[in-house]
């Protein structure tokens, strides 16, 4: 590693240190036997007791719906919440590409071990080996389960399942349902969930948003939710709480997340004591449709597969505003092909994203605001013929044309990176339990098995692995000691949490200032994108922390929240989420400032090789940063990462 | 609705075929109608087959109207009408692709019902006899269709039949599970319904038009 | 461009609603329709008025949250979801009428927001394959002809937005119900429950107060995902089969 590295410890002024975490509850022994061992060691709950045990599941995406359905099947009494009007609308539905599984149907040398290896390497050696291995093992069961549910995966003419290669790996292990894999998997999980609703084991509360966690005697025992239609604040208690509330990419305001995606459930749990793991790891996807104006509310992703045939370029001359077709070949810079001759346009997501940013920083960006690069299919159309391009990419081209009003067959598309997924989230152990007893976290909401970066087609795999297979086993181990003493509605802890929620709502309504909630959210997003986006620097992050604090203070003085608490009030909903985004944004910047290395989705400009590639510092940063809420200063707990099976190497794509 | 509708449609086809025998002349036509009384004689008494047919048709008609009224009521509630309106926008009142015929099913159906009653009153027992009563049905037809308003009423009634079948035949077969096309417009049944409705409405109109415009039968 | 929007405003489920007109002076044709509503809401908020409530989430045409009747047509003039409709489909000076889905089974919650819980209950009635987690056989033990898998997929792309109901002059949800019956009925995994599924889903559909299908075809024409009309015929065939088997 680089010998020019001199840590500055700039984050020290913002943080405190706590004890390291050494035990993640993963069994020892050979890695391929650890999950089996854990399943065997886990205590069981007898069927008669399950009926008496209540579990709350927050969120109905892949991780939440699959968990709620499976726990319902097992006979537990499950209460599920989602903010959407139906569990089927959770944002897992928007995943396009596919889901990985080590089935080796193609006989191309894939195996559980290879998927494990790819995941650890793809995560840039910032994930746990035991968890990644389990993920790879369970992946094969997911496909079986989904097929049995009737998920219409793509098939070959012989009637067997089709696979494709995805996300820069050398084997074909991705199962898919055209460009709508997430939708089909979620509908499968949703149907399983509704089946349990009909069976009476699961109660689903739609249009309910979790606003606080109830802790009783050090255990997570319930949640405070707001009925978004009536505005009523309700308290629900249970024997355990599962958070499957998704990622927080919307801290950037513009992202490919749904408008409602938020951090509130996990942030409120964090404020109640749950550690937040690696908040700064953000995945930025290179092929999104660029911003067209200030009114822009969200960004739309186009499948990465476009990079298989499209060529990415910018004009060689900065500020060249000629029509792309008028720019002659020798005045174009196909920069990815130039810098990375081996991988060309197919370099991993983080590298492609950052390269686009550098071109735009140099003034070579195209389109409104100079924030875009061309993705050109002219060569592909000439080589393959238009019908072949249409057959392969027609739906994506149509989507592009609908959004931009431009015809991608005749002029190059414009693309720009956008926030897409967060690898950070609540810290959990091998059992998916947070440091708070009885609080389990699954899917994108936890800090994830992915490490510092996530490979394509792995998010769906993780969500379903957690929900269908891992959590139902590990939560039983916890619940075997139950059912616990019921928590009455008027328990002091419940009343306190309830009151805190009500007070916060009243406080928001009482400001009655002159700025809209969205204008604050947009400004926060700008700060985050500018200083805690694709490239981070000590100077920028320090500045961002100050800016966020100022903005938050201003928010509490000048925000305007219309309407009342006791009604459907979408402004109030957004305001509550933005409040938590302010605090999260600050922690993200602190975490990024503390991590003085570049790894995966986190690139610190100070830590790069001579060629400008990411430079890890395994000697100092091979740990999970688990942050405890500390009021003024967050408290850092380090969980050291050890690699017994995969040798830590620098990624190279040249 | 589908089954009763198809039964009545089957009857209409036979009825139309019978009507065209008008052009064979008075004697043939009257004896043909006389002959209908003897279908399946002696296995059934005189007129037995016709009475069976009448009962089947009446049951079909009652069932059809009953279903229609039930649907009408139910669907009006289901469509969420408030204060007589569903959507307040005055734009695109005719929907995206719906056929004109689909708008006329209800009121067209009512017109049809009135027409059928009038038609029966004229043709069966000599009650109404515009243009003059006669024992010969052939003569009654000629007498009636020499009057302009009788022809006009028949035209209105038969156009209503055409519209009703245009949507009705398609709809009946779809309800019975026979549509294999992804849209309404592309369906083979849609084309078949269109042809069928033109043939039936046209086929029935030949006789009155022939009498009124070309003096057939006088 | 400048436009006028007439929006259905209704304070809550019990209140009486009305169309209210608003003017927008600076609408870009690159805005999505919902972004235009965002701009309207920012304008209303700053003027101290209550913003217009409308459902939306993914804004990329897949979650099925959004959906309003625009100028009398569900999801507006293009065949797509409301979030994927852009203002370039309109022109300067246009007056745009925006109303919620209207159906007896979709009560209005507020402004443009309706309650589509009936759809979930139709799925609860049988829109699934009864298989518990962990009991699934090896995936490739059950080959599915590609053609069937593709047809099942086409039906399974339904996003449950409810445009079919809003567009149907009868307020029928037959396209939604039939899409699920077709998706599961075409797959070998779905066969054991095929007859009971169609019977109970249709019974639930009727119990929710949706209207009856009279085969007008507006549902398919409005469907942003192009769910084909023949799924309804397929449902009817299955229903006849269920009747014959004494299941319905």
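Protein chains in written order, with my numbering: chain Z, 1 to 654; chain R, 1001 to 1218; chain B, 2001 to 2248. From the three backbone atoms N, C-alpha and C, an ideal C-beta is built for every residue, glycine too. As the structure is a computational prediction, the values presented were derived from the model and not from experiment.
{"Asked": "Chain B beta carbons: is any one of them nearer than 8 Å to that of residue 323(Z)?", "Found": "no"}
{"Asked": "Name the chain B residues that come within less than 8 Å of residue 1096(R), Cβ to Cβ?", "Found": "2073, 2167, 2218, 2221 and 2222"}
{"Asked": "Between which two residues does the alpha helix (DSSP H) carrying residue 462(Z) extend?", "Found": "459-464"}
{"Asked": "Taking 8 Å as the CB-CB limit, is residue 1077(R) close to chain C?", "Found": "No chain C appears in this structure, whose protein chains are Z, R and B."}
{"Asked": "Taking C-beta pairs closer than 9 Å, name the residues in chain B that residue 1071(R) reaches, listed in chain order.", "Found": "2170, 2211, 2212 and 2214"}
{"Asked": "Kindly confirm or deny that the segment 108-122 of chain Z and the segment 464-484 of chain Z touch, where touching means at least three C-beta pairs closer than 8 Å.", "Found": "no"}
{"Asked": "Distance, Cα to Cα, residue 2(Z) vs residue 622(Z)?", "Found": "Here residue 2(Z) scores only 47 on pLDDT, less than 50, and its place in the model is too uncertain to base an answer on."}
{"Asked": "For chain B, find out if any of its Cβ atoms is closer than 8 Å to the Cβ of residue 1104(R); answer yes or no.", "Found": "no"}
{"Asked": "Determine the DSSP secondary structure at residue 1011(R), reduced to helix, strand or coil.", "Found": "helix"}
{"Asked": "According to DSSP, simplified to helix, strand and coil, what is residue 437(Z)?", "Found": "strand"}
{"Asked": "So that I know if they touch, is there some Cβ in chain B lying closer than 8 Å to that of residue 1091(R)?", "Found": "yes"}
{"Asked": "In terms of residue numbering, what span does the beta strand (DSSP E) encompassing residue 378(Z) cover?", "Found": "No beta strand (DSSP E) contains residue 378(Z), which is instead part of the alpha helix (DSSP H) from 378-384."}
{"Asked": "If we cut at 8 Å on Cβ distances, does residue 2087(B) have a partner in chain R?", "Found": "no"}
{"Asked": "What first and last residue would you give for the alpha helix (DSSP H) that runs through residue 2233(B)?", "Found": "2230-2244"}
{"Asked": "What is the DSSP secondary structure of residue 205(Z), counted as helix, strand or coil?", "Found": "strand"}
{"Asked": "Kindly say whether residue 177(Z), judged by its beta-carbon, lies nearer than 8 Å to any beta-carbon of chain B.", "Found": "yes"}
{"Asked": "Quick one: measure Cβ to Cβ for residue 2229(B) and residue 2211(B), integer angstroms, because I've assumed they're closer than 8 Å.", "Found": "Not a contact, Cβ separation roughly 16 Å."}
{"Asked": "Which whole-angstrom value is the C-beta distance of residue 654(Z) and residue 342(Z), which I expect to be below 8 Å?", "Found": "6 Å"}
{"Asked": "List the residues of chain B that residue 1122(R) touches, going by C-beta distances under 9 Å, in chain order.", "Found": "Within 9 Å Cβ-Cβ: nothing; residue 1122(R) doesn't reach chain B, min ~32 Å."}
{"Asked": "Below 6 Å CB to CB, which residues in the same chain sit around residue 2072(B) once its five sequence neighbours on both sides are set aside?", "Found": "none"}
{"Asked": "Do the segment 387-400 of chain Z and the segment 432-440 of chain Z touch if we need at least three Cβ pairs shorter than 8 Å?", "Found": "no"}
{"Asked": "Which class does residue 446(Z) belong to by DSSP, given the choice of helix, strand or coil?", "Found": "strand"}
{"Asked": "Where residue 68(Z) and residue 413(Z) are concerned, what is the direct C-alpha to C-alpha distance, given to the nearest angstrom?", "Found": "41 Å"}
{"Asked": "May I ask you to list the residues that DSSP assigns as paired with residue 212(Z)?", "Found": "224(Z)"}
{"Asked": "Residue 2019(B) touches chain R at which residues, Cβ-Cβ below 8 Å?", "Found": "1088"}
{"Asked": "Just verifying my parser: in three-state terms, what is the DSSP assignment at residue 1127(R)?", "Found": "coil"}
{"Asked": "Assign residue 2092(B) to one of two classes, buried (16 or more other C-beta atoms within 10 Å of its C-beta) or exposed (fewer than that).", "Found": "exposed"}
{"Asked": "What does the alpha-carbon distance come out to for the pair residue 603(Z) and residue 613(Z)?", "Found": "9 Å"}
{"Asked": "Do the segment 224-235 of chain Z and the segment 100-111 of chain Z meet, that is, are 3 or more Cβ pairs less than 8 Å apart?", "Found": "no"}
{"Asked": "According to the neighbour-count rule (16 or more other Cβ atoms, all chains shown, within 10 Å of its Cβ), is residue 1100(R) buried or exposed?", "Found": "exposed"}
{"Asked": "Using a C-beta to C-beta distance shorter than 8 Å, which residues of chain R count as neighbours of residue 2232(B)?", "Found": "1174 and 1179"}
{"Asked": "Count the CB pairs spanning the segment 2030-2040 of chain B and the segment 2077-2087 of chain B that are closer than 8 Å, and state whether there are at least three.", "Found": "yes"}
{"Asked": "Skipping 5 residues on each side, what residues in its chain have a beta carbon closer than 6 Å to that of residue 1138(R)?", "Found": "1026, 1029 and 1030"}
{"Asked": "Give the residues of chain R in contact with residue 2236(B), contact being defined as C-beta atoms less than 8 Å apart.", "Found": "1174, 1175, 1176 and 1177"}
{"Asked": "8 Å is my cut-off, CB to CB: does residue 2107(B) come that close to chain Z?", "Found": "no"}
{"Asked": "Could you compute how far the alpha carbon of residue 2123(B) sits from the alpha carbon of residue 2205(B)?", "Found": "10 Å"}
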